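A quick write-up on the structure given underneath.
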Amino acid sequence: MIDNVFFLQWDLVCDKAWLRATGDSLFMVGVMLGSMIFGGLSDKYGRRPIFFLSLVIQLAGGILVAVAPEFISYVIFRLIVGSTTSGVFLVAYVIGKLNLIINIV
3 MIDNVFFLQW
13 DLVCDKAWLR
23 ATGDSLFMVG
33 VMLGSMIFGG
43 LSDKYGRRPI
53 FFLSLVIQLA
63 GGILVAVAPE
73 FISYVIFRLI
83 VGSTTSGVFL
93 VAYVIGKLNL
103 IINIV
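The opening position of the sequence shown corresponds to residue 3 in the working numbering, with each subsequent residue numbered one higher.
Shown next, in the form of structure tokens:
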């Protein structure tokens, strides 16, 4: 039987089930913030450095999510991972699109 699942460990069942949805919502807030932050940073400092910065932050954030000791830190690290997810995919898409346009012309 599985006893060490995060929502059971942090008692996110029954009357606290809304906290799971809040955690997912804050992940999506991170995605929204990341698209604005990393989009602007990639325009200012270049796409490749911001792409690799996003990957490093996402790796560190993912590890911190995995070892988060309580729900609040878990949600904060998920927000960070959400923002870097947007940074990675948005910047990689633009890099790929520009390479495609350059190769066609």
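Note that the Cβ used here is the ideal one computed from N, Cα and C, for glycine as well. These numbers come from a predicted model, not from an experiment.
- Considering only residues of the same chain and omitting the five flanking positions on each side of V33, which have a CB-CB separation below 8 Å? Hits under 8 Å: G84, S85, T87 and S88.
- What residues in its chain sit with their C-beta under 8 Å from that of S75, if we drop five residues either side in the sequence? So the list reads L66, once near-sequence residues are dropped.
- Message: L61 and I52 - do their beta-carbons sit closer together than 9 Å?
- Response: Contact flag unset, no.
- Query: Out of curiosity, what's the CA-to-CA distance linking S27 and A19?
  - Reply: Take the alpha-carbon of S27 and the one of A19: they are about 13 Å apart.
- Which residues in the same chain as F79 place their Cβ atom closer than 7 Å to its Cβ, once the five residues preceding and following it in sequence are excluded? In the same chain as F79, and ignoring 5 residues on each side of it, the C-beta atoms closer than 7 Å to its own belong to G63, L66, V67 and A70, in chain order.
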